[in-house]
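J.: Mapping of the sequence shown onto this note's numbering: position 10 corresponds to residue 210, and the numbering continues sequentially without gaps. Quick reminder that beta carbons are idealized off the backbone N, C-alpha and C, glycines included. Let me begin by handing over the structure; questions about it come next.
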Amino acid sequence: MYDTLIENIGQLILPAEGPLKGDAMKQLEVKENMAIAFEDGKVAWIGPNEEARKLKANERVDAMEKTVTPGLVDPHTHLVFGGSRENELALKQAGVPYLEILQQGGGILSTVEATRAESETHLYEKAKQTLEQMAAHGVTTLEAKSGYGLEREAELKQLRVVKRLNEESLLDLVSTFLGPHAIPPEYKGNEEAFLDDMIRLLPEISEEGLAEFTDIFCETGVFTIEQSRRFMKASQALGFQTKIHADEIDPLGGTELAVSMGAASADHLVAASDEGIDRLAEGDTVAVLLPGTTFYLGKDYYANARKMIDSGAAVALATDFNPGSCVTYNPQMIMSLAALKMKMTPEEIWNSVTVNAAHAIGRGDVAGCLSVGRKADVVLWDVPNYKYIPYHYAANHAKAVWKNGRKVWERRGARVF
Ligand SMILES: O=C(O)CC1=NCN=C1
Ligand SMILES: [Zn+2]
201 MYDTLIENIG QLILPAEGPL KGDAMKQLEV KENMAIAFED GKVAWIGPNE EARKLKANER
261 VDAMEKTVTP GLVDPHTHLV FGGSRENELA LKQAGVPYLE ILQQGGGILS TVEATRAESE
321 THLYEKAKQT LEQMAAHGVT TLEAKSGYGL EREAELKQLR VVKRLNEESL LDLVSTFLGP
381 HAIPPEYKGN EEAFLDDMIR LLPEISEEGL AEFTDIFCET GVFTIEQSRR FMKASQALGF
441 QTKIHADEID PLGGTELAVS MGAASADHLV AASDEGIDRL AEGDTVAVLL PGTTFYLGKD
501 YYANARKMID SGAAVALATD FNPGSCVTYN PQMIMSLAAL KMKMTPEEIW NSVTVNAAHA
561 IGRGDVAGCL SVGRKADVVL WDVPNYKYIP YHYAANHAKA VWKNGRKVWE RRGARVF
C-alpha cells in the first residue's frame, strides 16, 4: 500500500544524474502516460499508467494528463533580510547604476542597516513566509545566504535563521556565509581589515554548523580578485565549499578565479570573458546564471548561456531572490527569461533548475532527479507538457508540490463562477 500514487501523468520529466555539462544538457528523458508512487517520503515506484490501476495507495492523485517533474532547486537566494528597497526603483528608472547606489550607501548597505536592526525572530518570520511562497512555486530545495550583517552578530543572526528554517520547515535549505558582500561604512577604505574580520568568523561558523558554503561579491568597488582568492583559500582551509558572485557587472575575471579555486559554483557571469567560459568547460564549477537580476537591473546583455553550454560547461539557473537586484522567488519566471533572453532550450532549462542546480549546492545525490529510492520531491504542474512553462511567463503553474512525499502546496481554484 503506497502513501501516494500520482496517475494519468501526461509527461513525467526525468533529468539524468549530473552534473550535466555541454551537450549532456540537451538530453531530457520525457515519459508519456506514466504514474509515480511514494512511500515513507521516497519514490517507491515509477511505471506505465496502465500498471498503476493495479496498485493500492492511501492517496490517489489524478494528474489529468498534466506534467510531473522533480521539485525545483533554487541554488542562489538572499532569503534572509530586513526591510525592502522599493524606494530605489525610482533611482534605477532614472538610470542610476547599481554600483553607484551602493557607493552612495544605498543598495546592499541599506538592507544591512535594516537587517542589523531586525530581531532574529522577525527575520525568521519574514523568511518563513517567503519559504512558503517558494514552495508554492515548486521549490523543494534552496540555498540561502547571509551577507546583510557585515559584522559578527548580525551575520550569525542571519545564519541561525537559515539553520532554524532548515530544521523546522519541510524544505531543505543549504546555508552560505556571504560575509564579504559589501564594505560596511565603518570600514570604508579599510577593506583588508574588514576581510580579516570576516575570515576570523569562519572557525565559529564552522564549529556551530551554520554554513556549508562561503561566498564573496567579487566586483568593482567591492572585493578584488586577490581579496576573493584570499577569502576563498581561508574558507577552503576550514572545509567550506566556495561560491563567488563573479563578473556580474565588470569583467574582473571572477569566473577564471572560481575554476582555478575549484569553487562549487560561479554565479552571475554576465561579463564572463571567453577565457572564463572556456575554463568553465574544463572544471567542475557550475555556472549559476541569474537572468532575473539582469532583467531587473534593466540591462540588455544577459550571461552568454549559449556559449557556456556549447563550450561544455555545466549551467544552472537561480532566482537570486533579494530585496534590491532581483525581487522574485518565482523560478518559473527565470525559466522564461532563460528561454527568451538566453536562448536556452526547454531541455537545457529543465536540467538547469533541477539536477544542475542541485549540484551547484552539493545536493546532486538527493535533489533534482526522480528515481526509486530518492526523495519524493515532486511537482504536478497544470501544464500539458514540459515546454509550456518557459513559454507562458510570470504565472505560477504549480498545481501541487510534495516534499519528502508530504504535500506542501496545493492550488485551490479561484471562485469566479
Ligand atoms: O543587491 C543585493 O541586495 C544583492 C546583490 N548582491 C550582489 N549583487 C546583488
Ligand atoms: Zn546574489
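Residue 231: which of 374, 562, 486 and 268 sits nearest, CA to CA?
T.: When each option's Cα is compared against that of residue 231, the closest is 268.
J.: Please determine whether the Cβ atom of residue 448 lies at a distance below 7 angstroms from any heavy atom of ligand 1.
T.: The answer is yes for residue 448.
J.: Pick helix, strand or coil for residue 234, following the three-state DSSP scheme.
T.: DSSP places residue 234 in strand when its eight states are reduced to three.
J.: Closer than 7 angstroms to a non-hydrogen atom of ligand 1 - does that hold for the CB of residue 385?
T.: Flag unset: Cβ of residue 385 not near ligand 1.
J.: CA-CA distance, residue 420 and residue 327?
T.: For residue 420 and residue 327, the distance between alpha carbons rounds to 30 angstroms.
J.: Give the single residue among 396, 553, 532 and 343 whose Cα lies nearest to the Cα of residue 218.
T.: It is 553 whose Cα lies nearest to the Cα of residue 218.
J.: Does the segment 455 to 467 touch the segment 483 to 493, meaning 3 or more C-beta pairs lie closer than 8 angstroms?
T.: Contact holds: three or more Cβ-Cβ distances are below 8 angstroms.
J.: CB residue 598 to CB residue 579, shorter than 8 angstroms?
T.: Yes; because the gap between Cβ atoms is below 8 angstroms, this pair is in contact.
J.: Quick one: give me the first and last residue of the beta strand (DSSP E) that residue 494 is part of.
T.: Element bounds for residue 494: not the beta strand (DSSP E) but the alpha helix (DSSP H), 491 to 496.
J.: From the DSSP secondary-structure annotation, give me the bridge partner or partners of residue 423.
T.: Per DSSP, 418.
J.: Please report how far the alpha carbon of residue 314 lies from the alpha carbon of residue 281, in whole angstroms.
T.: Cα-Cα distance, rounded: 8 angstroms.
J.: Nearer than 7 angstroms: is that true of the beta carbon of residue 520 relative to any heavy atom of ligand 2?
T.: Within the cutoff, so yes.
J.: At the 8 angstroms Cβ level, is residue 404 part of the contact set with chain B, yes or no?
T.: Absent from the structure is chain B; it holds one protein chain and no more.
J.: On the premise that residue 361 lies in contact with residue 332, defined as a C-beta separation below 8 angstroms, what is that separation, rounded to the nearest angstrom?
T.: Not quite, the Cβ-Cβ distance comes to about 15 angstroms (not below 8 angstroms), so this is no contact.
J.: Please report the distance separating the alpha-carbon of residue 543 from that of residue 503.
T.: Distance between the alpha carbons of residue 543 and residue 503: 11 angstroms.
J.: Please give me, in chain order, every unbroken run of the alpha helix (DSSP H) with length at least 4 that falls completely inside the segment 341 to 416.
T.: Correct list: 352 to 368 and 391 to 407.
J.: Confirm the yes/no value for this check: CB of residue 445, any heavy atom of ligand 2, distance under 7 angstroms.
T.: Result yes, Cβ under 7 angstroms from ligand 2.
J.: Does the pairing of the segment 254 to 261 with the segment 510 to 526 give three or more beta-carbon distances under 8 angstroms?
T.: No: fewer than three Cβ pairs fall under 8 angstroms.
J.: Could you name the residues that DSSP lists as bridge partners for residue 550?
T.: DSSP lists no partner for residue 550.
J.: Can you name, in chain order, every residue of its own chain whose Cβ lies under 6 angstroms from the Cβ of residue 427, other than the five neighbours on each side?
T.: The residues are 395.
J.: Is the beta carbon of residue 425 less than 8 angstroms from the beta carbon of residue 454?
T.: Yes.
J.: Would you kindly work out how many angstroms separate the C-alpha atoms of residue 577 and residue 334, rounded to a whole number?
T.: So the alpha carbons of these two residues sit roughly 14 angstroms apart.
J.: Terminal residues of the continuous alpha helix (DSSP H) containing residue 320?
T.: Segment 320 to 336, the alpha helix (DSSP H) holding residue 320.
J.: Would you identify the three-state DSSP class for residue 559, choosing helix, strand or coil?
T.: In this structure, residue 559 counts as helix in the three-state DSSP scheme.
J.: Out of 213, 567, 233 and 492, point me to the one whose CA is closest to residue 250's CA.
T.: Here the closest residue by C-alpha is 233.
J.: If you follow the beta strand (DSSP E) that residue 604 is in, where does it begin and where does it stop?
T.: Element bounds for residue 604: n/a, residue is neither H nor E.
J.: Based on the DSSP output, what are the partners of residue 213 in its beta bridges?
T.: 230, per the DSSP bridge assignment.
J.: Just the C-alpha distance for residue 214 and residue 501, rounded to the nearest angstrom, thanks.
T.: If I take the Cα positions, the gap works out to 32 angstroms.
J.: Ligand 2 and residue 276: does any heavy atom of the ligand fall closer than 7 angstroms to the residue's C-beta?
T.: Answer for residue 276: yes, Cβ within range of ligand 2.
J.: Do residue 248 and ligand 1 come close, with the Cβ less than 7 angstroms from some heavy atom?
T.: Flag unset: Cβ of residue 248 not near ligand 1.
J.: So, at 7 angstroms on beta carbons, what are the nonlocal neighbours of residue 156 in its own chain, with the 5 sequence-adjacent residues on each side left out?
T.: Residue coverage of the chain in this structure runs from 201 to 617, which leaves residue 156 outside it and unanswerable.
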